[in-house]
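The opening residue of the sequence shown carries number 77 in my numbering; numbering runs sequentially from there. The beta-carbon is built from N, C-alpha and C at its ideal position, and this holds for glycine as well. Quick caveat, the model's predicted, so the values are computed rather than measured.
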Amino acid sequence: MTTLLVIAKEPRPGRVKTRLTPPFSPREAAALAEAALADTLRAVAAAPAARRVLVLDGSPGPWLPPGFDVVPQCAGGLDERLAAAFAGCRGPALLIGMDTPQVTPELLSAGFGDCDALLGPAEDGGFWALGLAVPDPSLLRGVPMSTAGTGAAQRERLVAAGLRVRDLPSLRDVDTAEDAEAVAALAPHGRFAACLARTRAVAGR
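1) Look at the Cβ atom of Cys191, then the Cβ atom of Leu154, and state whether they are nearer than 9 Å.
2) Would Ala198 and Gly218 qualify as a contact pair, given that the criterion is a beta-carbon distance under 9 Å?
3) Return the Cβ separation of Leu117 and Pro141 in integer angstroms, given the expectation that the two are a contact with Cβ distance under 8 Å.
4) Are the beta-carbon atoms of Leu282 and Ala122 separated by less than 9 Å?
5) Within 8 Å: the Cβ of Val129 and any heavy atom of the ligand ZN?
6) Quick check: the stretch 247–265 against the stretch 169–187, are there 3 or more CB pairs under 8 Å?
7) Going by the CB atoms, is the gap between Leu244 and Leu208 shorter than 9 Å?
8) On a CA-only basis, which of Asp200, Cys271 and Pro89 is nearest Asp255? Give me that one, please.
9) What are the complete alpha helix (DSSP H) segments, minimum 4 residues, inside the stretch 130–212?
10) Look up Val241 in the DSSP assignment and give the residues it is bridged to.
11) Would a C-beta distance cut-off of 9 Å place Val131 and Ala161 closer than the cut-off?
12) So what does Arg82 bridge to, in DSSP terms?
13) Tell me which same chain residues have a C-beta within less than 8 Å of the C-beta of Gly90, skipping the five on either side of it?
14) Using a threshold of 9 Å, state whether the C-beta atoms of Arg88 and Gly134 are closer than that.
15) What residue from Pro136, Leu184 and Pro220 has the CA that sits closest to Phe144's CA?
16) Are the CB atoms of Ala119 and Leu282 within a distance shorter than 9 Å?
17) Counting along the chain, where does the alpha helix (DSSP H) carrying Arg103 start and finish?
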């Protein structure tokens, strides 16, 4: 079975979702980040997995459900941190971030029967998921991260290594207030949507 990895930051004000401020305050942005992370972890907990790992920058909180191993993120750029996450895996692994609270257990249940790699493109040009049948950290190191071409560059790296790549459905990351509204509408019964609704109500937005 597959190891499911979630790479995340501890949802503390001023450290997460800074592009949500404004219109949200740092505390509101952190609450939304916590809700997004909680929804993500719940989906991972409900998906079949050999192991569930939270690769965390910071300390775990009450939002962490049981059944997860917690390992610290290494130093360096995002490519190095993703590479290190895969380096700790034996056997197939699928990694996602905390920015797609609309993710479902079904999306995370994709197997490697007809491919060597899974890539979930994000609407902003990045990727929300990367799966490797045989984890190889070198497939991530040096890939430019957080750009509109990150997803394409990662795909090119996989193909250049001779891997058969299967695309997962495209999802929208939560980076801006507009993203938050769109994603909440896609998953209206999740904790993220509820948090956004409460925040709007309190602020009179």
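On the basis of the coordinates in this document:
1) No, Cβ-Cβ distance for Cys191 and Leu154 is not below 9 Å.
2) Their beta carbons are not under 9 Å apart, which means Ala198 does not touch Gly218 by this criterion.
3) A Cβ-Cβ distance of about 6 Å is found for the pair Leu117 and Pro141, placing them in contact under the 8 Å criterion.
4) Outside the displayed range of the chain (77 to 281) lies residue 282, so it cannot be described from this structure.
5) Summarising the ligand content, the structure contains no ligands, and the ligand ZN is consequently not present.
6) Touching, yes, given that three or more Cβ pairs across the two stretches are closer than 8 Å.
7) With respect to Leu244, Leu208 sits apart: the two C-beta atoms are not nearer than 9 Å.
8) Relative to the Cα of Asp255, the nearest Cα in the group Asp200, Cys271 and Pro89 belongs to Asp200.
9) Along the length of the stretch 130–212, whole alpha helix (DSSP H) runs at least 4 residues long occupy 154–163, reported in chain order.
10) DSSP lists Ala193 as the beta-bridge partner residues of Val241.
11) Taking 9 Å as the Cβ cut-off, Val131 and Ala161 qualify as a contacting pair.
12) At residue 82 the sequence reads Val, which differs from the Arg that was named. Partner(s): Leu130 and Ile172.
13) Only Pro102 and Ala106 meet the Cβ criterion.
14) Yes; because the gap between Cβ atoms is below 9 Å, this pair is in contact.
15) The residue with the shortest Cα to Cα distance from Phe144 is Pro136.
16) Residue 282 lies beyond the range of the chain shown here (77 to 281); nothing can be said about it.
17) Arg103: member of the alpha helix (DSSP H) spanning Pro102 to Ala122, first to last residue.
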